[in-house]
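Chains as they are written, first to last, in this note's numbering: chain L, 1 to 334; chain V, 1 to 501; chain H, 1 to 320.
Think of the CB as a built atom: it goes at the ideal place given N, C-alpha and C, for glycine as much as any other residue.
To start, the structure itself, in structure tokens.
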Amino acid sequence: MLNNNDNNLFNIRSIYQKDPTLSILVIALLFIILLLFVFFPGKVLTANNFESMAFQLPELGILSLAIMITMLSGGINLSIIATANMAGIVSAFIMTRMITESMTGSPIPIILLAILAGWLVSVLIGIFNGVLIAYIGVSPILATLGTMTLVGGISILVTKGYVVSGFPEEYQYIGNGIFLGIPIPFLIFLGLAILVSILLRRTPFGIANYLIGSNETATRFSGINVNRTLVITYALSGLLCGIASTIMISRFNSAKAGYASSYLLITILISVLGGVDPYGGFGRISGLVLALFILQLVSSTFNFLGLSAHLTIAIWGLLLLITIGLRNIKSTSI
Amino acid sequence: MNEEILTMHNISKNYGGVHALKSVDFSIKKGEVHCLVGENGSGKSTLIKIISGVVRPEKGAEIIINHQRENYLTPIKSIQKGIQVIYQDLSVFPNLTVGENIFVNYYTKGGIQWVDWKNIKNVARETIKKVKVNLDFNETVGLLSIADRQLVAICRAIATNAQLIIMDEPTSSLARHEIDALFSVIQQLRSAGITVLFVSHKLDEVMEISERVTVLRDGSKVGLFKRTEIDDKKLSYLMTGKEFVQKKLSEKVENRKALLEVKNLSKKNEYKDINFKLHQGEILGIAGMIGSGRTELAFSLFGMNPPNYGQILLEGKQVHFKSNESAIEAGIGYVPEDRIEQGLIMEQTIKNNTTVTIFEKLLNHLKMIDQKKQQSTVQHWINTLSIRTSSIENPVKTLSGGNQQKIVLSKWLATNPKILILDSPTVGVDIAAKNSLYQIMRELSQRNIGIILISDEVPEILYNCHYILLMRKGRIVETFQPEEVTEKELNDKIIGDGQDE
Amino acid sequence: MSKMFKKFEFFLFLVIVALIVFFAFSTENFFTWENLLDLLISYSFLGIMAAGMLVVLISGGIDLSFTAIATVAQYIMAITIIDYSGNLFSAFLVAGIIGIVLGGTNAFLIYYLKAPAMIITIATLNLFYGFTIFITRGKWIYNFPDWFNQSHNVFSFTAADGTYYGIPLPVILLVLVFILTYIILNYTMLGRKIFAMGGNIEAARRAGFNILGLTIFVYSYIGFLSGIGSVGQVLILHSVQPNAIVGRELEVIAATVLGGASLAGGAGSVLGTAMGVALLAIVWNGLIIMGVSSYWHKLIIGLIIICSVGINAYNRKRKA
């Protein structure tokens with residue numbers, strides 16, 4: 001007889017058993033909120049802060065989605081930041097070159113063109129990664145470190161290190177606008193999170209992605225086209241980077257070759273904290289989202305406390321180590 | 001007269017709820033050749049791992065070596081006490097040379113000691129000579145065949161002047177003359193006062209080489225016997241607890257429609273001039289030693305190893321498979337030899353492992369997987385094949401070997417195949433599950449599915465096939481009707497006389 | 001295997017010769033003693049770290065935090081020398097010890113936390129680096145004592161025409177490090193065990209190897225080399241620049257992989273690594289001398305890395 005826990009929504013024990021990671025994250029989140037409430041009342045948990053968090057968190061969240069799907073497949077995409085920057089630069093160039101003060105008519109078609117061009121570039125980079133990894137057999141670490149350097153190099157060459165800025169108001173709306181009281185980036189992120197979650201858990205591609213992460217050979221023997229799946233994974237990862245950059249450059253109102261370099265570690269941290277198995281094969285979007293919220297809250301608190309950015313990143317490193325340590329303790333007790 | 005070199009009392013080991021060993025007492029006399037015998041799942045591998053220190057027994061265990069008593073061993077302690085194990089998976093270093101591999105146990109003497117390459121060469125040369133084999137000690141082990149790697153592993157154990165050498169199923173890839181050489185080395189060791197523990201389930205070898213035999217079954221010790229007290233039949237009965245009467249298949253299948261026809265199939269360095277037909281409902285056995293090309297042939301039939309020459313005809317039409325996807329679509333399924341690496345995705349759920357081959361068939365109108373359909377499909381196979389599990393969300397590694405193999409079968413049966421290729425399907429499967437699998441095979445053949453059974457076990461082939469092919473060095477050298485030949489005859493034919501080596 | 005290997009190293013050698021010839025003919029400033037010595041000096045640091053990376057890769061691991069370890073070592077060494085007293089020996093000693101300690105920390109984490117070394121060392125990279133910059137506020141350090149700033153040359157002599165020839169200390173260090181690494185890997189049991197571990201870790205465990213001990217050695221070694229190499233770097237630049245080293249991890253890994261090391265472990269050689277470093281150094285130097293705008297550099301290096309790892313991987317795939 002199959003377990004029928006699905007019906008017991010209010011059976012807390014069975015919920016915990018079904019997914020201990022998720023439960024621990026929820027508890028941790030509530031705990032942090034409680035701490036903030038007690039020690040910094042009215043300082044961090046303000047409506048204002050929530051709003052600015054809701055603006056900042058999405059780009060990090062989408063980049064985390066981008067790295068998570070590659071980690072699920074047993075690899076990793078170290079080029080996510082470089083890809084995002086490149087996509088942003090492409091969009092920025094199109095907008096700044098083609099939209100001039102004296103033009104008549106709406107800039108929106110050009111904005112759309114710019115956005116799509118950026119996405120196209122990021123997907124191409126992703127496909128390049130996928131081909132290197134799946135068809136040529138380069139290890140994901142090397143392949144994506146390589147594309148990170150190559151794409152970073154192209155970005156530098158093309159921008160000569162300068163910032164490309166000055167986008168039309170309509171474009172800035174994407175990163176700074178509000179719809180029905182919710183910041184637009186946040187809506188985009190939520191939408192993507194739901195889409196990717198469904199993709200991963202309910203489509204053949206998504207499940208194959210998990211299976212490859214656990215055992216590529218056996219998956220191949222079962223008739224799954226592993227190479228094609230991996231290329232799609234890395235292409236999708238690239239696309240997500242492109243979407244993240246669309247939001248990013250809108251918020252910064254500029255694009256540059258070296259933005260967000262500290263994000264890479266944080267996206268890995270969020271993924272691992274959210275339950276992604278660093279060796280591949282396991283991990284859920286819901287965990288990632290919770291981890292994202294936790295980190296954003298902690299980050300805002302650090303901001304509020306005036307902690308230096310460098311100390312913050314050191315703490316992220318420590319936190320990643322602690323998270324991995326806790327995972328081990330958990331798994332040995334099962 | 002002989003004192004005991006190793007005595008073990010009250011050895012138990014539990015894995016989760018499974019009792020791999022139940023309070024086993026075991027002892028070996030110095031200088032003897034002792035055989036440890038048992039079916040898959042009998043606990044003999046676990047016992048070996050406890051002796052070699054890789055696994056710790058439950059509390060209350062006692063291990064006495066040379067009058068020193070311990071509660072458990074560690075790898076280094078075990079080695080220091082003079083115990084060397086030749087593992088079934090060989091445990092060689094593929095990136096090092098033969099010479100270094102043979103020498104490797106000297107490395108555990110500790111410290112930043114200097115490597116004397118000359119010494120390594122000498123030790124290696126000596127050992128290779130002893131075993132009378134042809135190995136180039138400068139060759140990288142990763143480039144060697146499995147049979148040669150096995151020889152390297154054996155040389156390594158012999159090179160260290162161990163007191164007790166444990167060989168875990170060492171002859172699985174050896175040809176007759178190599179087995180003879182190994183047995184004569186074992187005799188040499190014996191006269192040098194070294195004790196040999198020989199683990200095997202091949203009864204004829206046990207009868208040939210052993211002085212005393214310990215039989216394990218289901219984690220318990222069934223008995224300790226002198227070789228003179230037992231014979232093949234009695235051993236088999238002790239190992240399995242059952243008298244097995246296996247009946248050969250009697251149906252005539254040659255007149256049925258040919259599902260598969262292979263003509264002059266060749267692949268350079270792997271197999272040559274392969275010709276045979278597989279009829280509807282036929283179980284075709286392919287016997288042969290490791291290295292005879294059977295698995296390579298199976299890969300080619302499954303689309304994973306395109307042949308250089310020849311034809312494959314499926315129901316009369318010629319096919320060229322570019323990948324296993326096309327083979328699967330054409331109705332062929334393949335149960336691989338290596339269940340752990342190739343057959344199943346151990347960490348993932350039973351549900352996903354069973355349906356991985358048919359995701360496309362489970363889609364709803366939104367192109368997403370219909371959960372209900374998926375669950376009911378899996379449940380169907382679990383019921384049909386009598387697979388025991390508490391939940392299909394459990395990782396497939398929680399199942400027993402036999403049940404795992406049934407999941408592999410399920411995933412192929414779910415594709416509604418016309419042909420099933422089974423490559424050594426009962427390795428690591430206990431006797432009850434084995435028979436269950438044989439039963440399933442017969443039922444499948446009743447449903448007109450054609451089965452190719454590749455196996456190293458003579459009884460398995462003899463009693464479950466309509467027709468038998470024997471492959472050696474890539475060619476089909478003989479064919480048999482099962483009623484024409486006895487177990488012993490078939491066994492002898494498979495091993496051959498090694499003259500063409 | 002040795003034959004196949006010789007083929008690969010030979011091929012690499014040909015590429016290097018081809019590049020040298022190319023640059024020598026494209027610009028007159030390339031093939032001069034000064035330039036080649038300059039090249040050697042500026043790439044000595046990378047070379048030393050590559051030797052450490054080689055050992056780590058052979059063992060089957062990887063380390064992304066070594067640049068941070070180098071930075072920490074530099075700072076602490078500088079503070080020790082400037083605020084307290086010291087000499088060249090104590091400078092190397094301090095940096096070396098810091099490297100060993102931090103590297104050893106990596107080793108324990110990797111062994112006990114049971115997660116991929118890559119992720120653990122990304123974490124420690126940020127931990128070490130972030131903390132250091134936080135404490136030091138990213139200050140550059142210039143004010144080294146005079147005895148430190150003078151040029152340290154070994155085997156120096158003044159020729160008849162008054163020209164002063166000498167081999168700078170960092171270069172000697174590079175050579176010594178390569179020799180030491182070669183001896184360890186090929187002539188000590190420790191080195192051979194590292195190869196074995198990289199080839200089949202389960203077999204190594206069963207053979208009774210002390211896996212923890214080997215792991216500690218491997219990561220401490222790269223830590224140690226990063227430490228003393230960083231001192232060499234400071235000797236050349238006469239200053240500690242906090243953000244000069246972090247970010248160059250890929251160059252070091254690429255040099256080692258170019259030279260034949262595999263990320264899967266069990267393979268690699270000192271000669272190959274030396275050639276990998278030489279290749280990158282020559283390309284970098286050549287581009288600068290030829291006046292190629294610096295905006296192209298990252299791109300070209302990235303391209304070279306991708307091409308070479310691609311070719312390597314494809315060949316390996318075809319052989320399997």
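Distance between Q318 of chain V and T159 of chain L, taken at the CA atoms: about 58 Å. Counting only residues of its own chain and dropping the five nearest sequence neighbours on each side, R149 of chain V has a CB closer than 7 Å to the CB of L90, V92, V141.
Using a CB distance below 8 Å, the part of the region 336-350 of chain V facing chain L consists of P336, E341, Q342, G343, L344, I345, M346, E347, Q348, ordered along the chain. The Cβ of N215 of chain L sits closer than 7 Å to at least one Cβ of chain V.
Below the 9 Å Cβ cutoff, chain H contributes no neighbours of E296 of chain V, its closest Cβ being approximately 14 Å away. At a Cβ-Cβ threshold of 7 Å, D456 of chain V and N40 of chain V do not count as neighbours. Residue contact check for S191 of chain V against chain H: no CB pair falls below 7 Å.
E100 of chain V and F282 of chain L have their C-alpha atoms some 39 Å from each other. At a cut-off of 7 Å between beta-carbon atoms, N328 of chain L makes contact with chain H.
Counting C-beta pairs with one atom in each stretch, the region 130-137 of chain L and the region 104-113 of chain L have fewer than three that are closer than 8 Å, which means they do not touch. Along the region 391-424 of chain V, there is no position whose C-beta sits under 7 Å from a C-beta of chain H.
DSSP places D370 of chain V in no beta strand (DSSP E); its state is neither H nor E.
Take the alpha-carbon of A291 of chain L and the one of L47 of chain V: they are about 45 Å apart.
Positions of the beta strand (DSSP E) runs, each at least 3 residues long and wholly inside the region 345-430 of chain V, are given as 419-423 in order along the chain.
Only residues of its own chain outside the window of five on either side were considered, and among them K411 have a CB closer than 7 Å to the CB of V356 of chain V, listed in chain order. Interface flag for Y219 of chain H against chain V is unset, since no Cβ pair is found closer than 7 Å. Contacts with chain L at 7 Å (Cβ-Cβ) include A313 of chain H. Counted as a single uninterrupted DSSP element, the stretch harbouring A257 of chain L is not any alpha helix (DSSP H), since DSSP gives it neither H nor E. Below the 7 Å Cβ cutoff, chain V contributes W114, V115 as neighbours of Y187 of chain H, in chain order. Listed in chain order, the alpha helix (DSSP H) runs fully inside the region 233-297 of chain L are 263-273, counting runs of at least 4 residues.
Under the three-state reduction of DSSP, F93 of chain V is assigned to coil, being neither helix nor strand. Measuring C-alpha to C-alpha distances from G103 of chain H to each of H:L169, H:I69, H:G86, H:F92 identifies H:I69 as the nearest.
When the beta-carbon positions are compared, V335 of chain V and L422 of chain V come within less than 7 Å of each other. Using a Cβ distance threshold of 7 Å, G293 of chain V and M471 of chain V count as a contacting pair. Nearest to L200 of chain L by C-alpha distance, out of L:I125, L:M68, L:V26, is L:M68.
The criterion of a C-beta distance shorter than 7 Å is not satisfied by E296 of chain V and H466 of chain V. Here the C-alpha atom of Y187 of chain H lies approximately 14 Å from the C-alpha atom of V104 of chain V.
Every unbroken stretch of the alpha helix (DSSP H) spanning 4 or more residues and falling wholly within the region 223-248 of chain V is given here in chain order: 232-240. By the Cβ rule, the region 368-375 of chain V does not count as touching the region 441-459 of chain V, because fewer than three pairs are nearer than 8 Å.
Nearest to F55 of chain L by C-alpha distance, out of L:G126, L:I182, L:L236, is L:I182. Looking from the CA of N210 of chain H, the closest CA among V:V485, V:S386, V:Y107 belongs to V:Y107.
If you check each beta-carbon in the region 101-124 of chain H against every beta-carbon of chain L, the ones closer than 9 Å belong to L109, Y112, L113, K114, A115, P116, M118, I119, I120, I122, A123, T124. By the Cβ-count criterion, C307 of chain H is exposed, with fewer than 16 other Cβ atoms from all chains shown falling within 10 Å of its own Cβ.
Per the Cβ contact rule, the region 260-268 of chain H is not in contact with the region 293-308 of chain H (fewer than 3 Cβ pairs under 8 Å). Using beta-carbon distances, V138 of chain L counts as an interface residue toward chain H, with a partner under 7 Å.
In summary, the residues of the region 158-175 of chain L whose CB is separated from some CB of chain H by less than 8 Å are K160, G161, in the order they occur in the chain.
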